[in-house]
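Worksheet: the structure to be examined is printed underneath.
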Amino acid sequence: MFDTRFDKKKFQTEIQENLKNLFRKSVEDASSQELFQAVSFAVKEVIMDDWMKTKKTEKKEESKVVVYLSMEFLVGRALGNNLINMKNYKMVEEALDELGVDLNALEDEERDPALGNGGLGRLAACFLDSLATLGYPAYGCGIRYRYGMFRQKIEEGYQKEIPDDWLMNGYPFELRRPEYTQEVRFGGNIRVEHDEFNNAKFIQENYQSVNAVLYEIPIIGYNNHMVNSLCVWDAEPIVNFRLDSFDSGDYYKAVEQENVARNIVDVLYPNDNHYAGKELRLKQQYFFISASLQSALKALKERGYAVKEMDKKIIFQMNDTHPTVAVAELMRLLVDEEGLSWEEAWGITSKCCAYTNHTIMSEALEKWPIDLFSRLLPRIYQIIQEIDRRFVEQIHQRYPGNEEKVRRMSILCDGQVRMAHLAIAAAFSVNGVARLHTEILKHQELKDFYEMMPEKFNNKTNGVTQRRFLLHANPELSNWITDKLGTEDFATNLELLENLKPLADNDNALSEFMGIKRKNKERLAAYIKKHNNIEVDVDSIFDVQVKRLHEYKRQLLNILHVMYVYNQMKEHPEKSYYKRTYIFGAKASAGYTRAKEIIKLINSVAEVVNNDRSINGKLKVVFIEDYRVSNAEIIFAAADVSEQISTASKEASGTGNMKFMMNGAVTLGTMDGANVEIVEEVGRENAFIFGLSSEEVIHFEKNGGYNPWDIYNQDQDIRKVLDQLVDGTYGNGDKELYRNIYDSLLSPKDGSMADMYFILKDFASYRDAQEQVDAAYRDQKRWAKMALLNTASCGKFSSDRTIEEYVADIWHSKKIKVGEE
Ligand code: 475
């Protein structure tokens, strides 16, 4: 079904017009990039009408709006996704085909807007897609980074970071909205003045300020004409160049201001699950929060509401602690600017703010040094002091005399501002992102808070959008499902996939299903040939681990196991091994040395293994450069095995696991994060589960770990692999290259716990699970069944389900319908 409002002829003319007006060219002499621009602007033109209607309807219906505050939105390419959601992909493909243009090739011209690191940023993007699709008025608020996540190059096996100049050719879908510009102030001092009633007024003086300029990016609902906005803020100097000040000192001041402003939004910090404590990062946080809240407050008033009605009309969902200054900024706006009493303001703030926790990794906890914080945000700091004073008073009341409690729970402690504590004290809702994760929050990490305020805690298991990760990423499979179910409705109701379950006993369907997998493997093989110049066998098992590189995610366990398999092949050439292609994709944060060493190790193993003719190509290792949303789509569709092997308790949820499952890959994983729920849905017999449980891990951690030397001494295969880290096998003769990795597993030099992530402890059990994978794959029919049942059982993991839960339990907002005028 096509959207009738999209007229093919008109669309073609529009493209030609755009080419003429933008580039003075015709279709024949335009470059692919120029065509991409012309087509995107033509698509945007169609979007505009729906966008205007959405805003109108939203006002008319007096909707409560969800404001999703996030430092990251990893939206990925827009063109193809927008066409899918507008239900015009095929029509545009045809229209372009008639002009002799390939839509697929044009899609590759779009730079991924990579305004996020990994899971947290991509989740925000999936949520926006679901909100629009379900018809909920919503705004994403974030930063228009000049440089997004760096582009990764692999040189001699090492990661190189290349700046991501994603705006180089301009971004056709965004809209600059200078009329919404907000001023944001930093630094200076606070002067207190008293009015005639002796009310204190707090006046910020000697501050530096910048303008926050709004850019809107349309977020298109699926087949419903709804268009929400992703609002990203750019920073500009307030003092503009004035030629008449060219000769005076003002000129230099103007240039200086320009720099101060520009560098705020220069770059996305490339840390995933890690807090670095950089002043500029705090500046970024306050910059986009202040701009977003000021403009939300203005919009509220413009719509004719009183400030006191705010909690009926707006909800701020804070994506981790990064936007948590919102709590204090809202208090500042309500008390200092709107003249509300502290109690009134707190009543509103605590009804408007909700907080999502995404990680229990201690190195990710945001704790700002008070001196830095109070210097940059003097008034915000005062407000936090008052919030803390009142919160501590509550703790005292509840636990009289328990100073230890106060020390553990207060917001300000040991010269630091603990952002998670601020978020929990202020928010009416605190949620984890998978059932296990929420339980760990309640009973371990945030135990004190849960005990005192159990009503705030709730779980919202993550989900992913099937529009991008099934319809767009895997058109072959989507078409097949449509055919089998006799409906396309799974695009908005993923639970319908369970009707595929009977096909698990239908040989014909199974072979069709695996035929589609094979086609997708061919597509990935072509990508690998083009980018890595490695030939991979599409009849081998595609065993894939793609995600950010982090020690807790244990890419190291995976590659050590590959080293083990390779040893086995060499030692026992008589044994049979099912052909396997181990595929990795991962960016390491630029400053994360150990993660970079692991990338180098993977590439070294690839180099050795792929060039050893004696194993007859039975084993290949591929490291896909620059893993990002666009190539992820190709990778998920082609995977047989989904590696989800984090140390139990460490991966809050995982969302890649769901994208693999949707595309018929079988999970090889630990009982961690959402894996637990995936296994619950698909059945344990349709996954490969191994390793310590989260309870066991937590128990070992509390008791100072275990002794990895026992394993080294007892298991000669593991010993051999470990020795190979320091005997030059994979270091081109350099024995020191992987010494740090070796030491971290057996005897860390920095006094930390040996094998912190239980890699050796879980090795044997992982090896067994891998053998089960091998055996299961040999039985082609059994494998096909498992794969199909994974797709058929993924219904729960649509972000549509997640969003409906947020609405029902936290946001309480209402759907709108954007109709014809
Ligand atoms: C979890 N990122 C996944 C995903 O809920 C989970 C970014 C900047 C600074 C510090 N940390 C980050 C994260 O913490 C993050 O991406 N967390 C991830 O959130 C969505 O599925 O398990 O690791």
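My numbering applies: residue 1198 is where the sequence shown begins, and numbers increase by one. Every residue, glycine too, gets a C-beta built ideally from N, C-alpha and C.
{"Check": "Within the same chain, show all residues whose beta-carbon is closer than 6 Å to that of E1433, passing over the 5 residues directly before and after it, in chain order.", "Outcome": "N1408, V1410 and A1458"}
{"Check": "In whole angstroms, give me the CA-to-CA distance for A1147 and D1740.", "Outcome": "The structure shown does not extend to residue 1147, since the chain is modelled only from 1198 to 2018, so the question has no answer here."}
{"Check": "Distance check for E1848 and S1547, CA to CA, integer angstroms please.", "Outcome": "29 Å"}
{"Check": "Tell me which same chain residues have a C-beta within less than 7 Å of the C-beta of W1248, skipping the five on either side of it?", "Outcome": "P1415 and V1424"}
{"Check": "Evaluate G2064 with the Cβ neighbour count: other Cβ atoms within 10 Å of its Cβ, from every protein chain shown; 16 or more gives buried, anything less gives exposed.", "Outcome": "The structure shown does not extend to residue 2064, since the chain is modelled only from 1198 through 2018, so no value can be given for it."}
{"Check": "Out of M1858, K1602, I1608 and V1806, which one is the CA nearest neighbour of V1876?", "Outcome": "M1858"}
{"Check": "So, under 8 Å CB-CB, L1177 and A1981 are touching, yes? Tell me the CB distance rounded to an integer number of Å.", "Outcome": "In the structure displayed, the chain extends from 1198 to 2018; residue 1177 sits before or after that span and is not available."}
{"Check": "Is D1469 near the ligand 475, judged by its Cβ being under 6 Å from some heavy atom?", "Outcome": "yes"}
{"Check": "Counting along the chain, where does the beta strand (DSSP E) carrying T1864 start and finish?", "Outcome": "V1863 to G1866"}
{"Check": "Could you check the C-alpha separation between R1382 and H1634 for me, to the nearest Å?", "Outcome": "37 Å"}
{"Check": "Comparing alpha-carbon positions, which option in K1357, S1891 and V1236 lies nearest E1307?", "Outcome": "V1236"}
{"Check": "Can you list, in chain order, the residues of its chain whose CB lies under 6 Å from that of D1204, leaving out five sequence neighbours each side?", "Outcome": "none"}
{"Check": "DSSP state of C1991, grouped into three classes?", "Outcome": "coil"}
{"Check": "Just how far apart, CA to CA, sit D1517 and K1744?", "Outcome": "19 Å"}
{"Check": "Can you list the beta strand (DSSP E) stretches of 3 or more residues lying completely in the segment 1216–1240, in chain order?", "Outcome": "none"}
{"Check": "At what residues does the alpha helix (DSSP H) containing W1543 begin and finish?", "Outcome": "W1539 to C1549"}
{"Check": "Taking 6 Å as the line, does the beta carbon of S1786 fall inside it for any heavy atom of the ligand 475?", "Outcome": "no"}
{"Check": "Is any heavy atom of the ligand 475 found at a distance shorter than 6 Å from the C-beta of S1850?", "Outcome": "yes"}
{"Check": "I'd like to confirm the pairing. Which residues does DSSP put opposite L1266 in its beta bridges?", "Outcome": "C1338 and M1515"}
{"Check": "Take R1478 and list the residues in its own chain whose beta-carbon comes closer than 6 Å to its own, dropping the five residues that flank it on each side.", "Outcome": "Y1466"}
{"Check": "Using a 10 Å radius around the Cβ and a threshold of 16 neighbouring Cβ atoms, would you call R1916 buried or exposed?", "Outcome": "exposed"}
{"Check": "Would a check of beta-carbon distances place D1568 closer than 7 Å to chain B?", "Outcome": "Of the protein chains in this structure there is only one, and it is not chain B."}
{"Check": "Just curious, the alpha helix (DSSP H) that T1679 is in, first and last residue?", "Outcome": "P1672 to L1682"}
{"Check": "How many whole angstroms separate the CB atoms of Y1779 and V1818, which I take to be in contact at a CB cut-off of 8 Å?", "Outcome": "5 Å"}
{"Check": "Should V1630 be labelled buried (16 or more other beta-carbon atoms within 10 Å of its own) or exposed?", "Outcome": "buried"}
{"Check": "Tell me which same chain residues have a C-beta within less than 8 Å of the C-beta of E1541, skipping the five on either side of it?", "Outcome": "K1505 and L1531"}
{"Check": "Less than 7 Å between C-beta atoms, sequence neighbours within five positions excluded: which residues of the same chain meet that for P2021?", "Outcome": "Lying outside 1198 to 2018, the shown extent of the chain, residue 2021 is not represented and no answer is given."}
{"Check": "Inspect the beta-carbon positions of L1609 and D1645 and report whether they are closer than 7 Å.", "Outcome": "no"}
{"Check": "To the nearest angstrom, how far is the alpha carbon of K1498 from that of T1684?", "Outcome": "44 Å"}
{"Check": "Pick out the complete beta strand (DSSP E) segments inside the segment 1336–1415, 3 residues or longer, and give them in chain order.", "Outcome": "1348–1352, 1355–1359, 1372–1383, 1386–1391 and 1397–1402"}
{"Check": "In whole angstroms, what is the alpha-carbon distance linking S1406 and V1464?", "Outcome": "19 Å"}
{"Check": "Can at least three beta-carbon pairs, one atom from the segment 1918–1935 and one from the segment 1962–1976, be found at a separation below 8 Å?", "Outcome": "no"}
{"Check": "For N1900, which of R1881, T1864, A1951 and T1378 has the nearest alpha-carbon?", "Outcome": "A1951"}
{"Check": "Pick out whichever of N1655, M1983, V2004 and E1352 has its Cα sitting closest to the Cα of D1702.", "Outcome": "M1983"}
{"Check": "Taking C-beta to C-beta, are T1867 and G1880 nearer than 7 Å?", "Outcome": "no"}
{"Check": "Starting from the Cα of A1787, find the closest Cα among H1747, A1972 and S1571 and give me that residue.", "Outcome": "H1747"}
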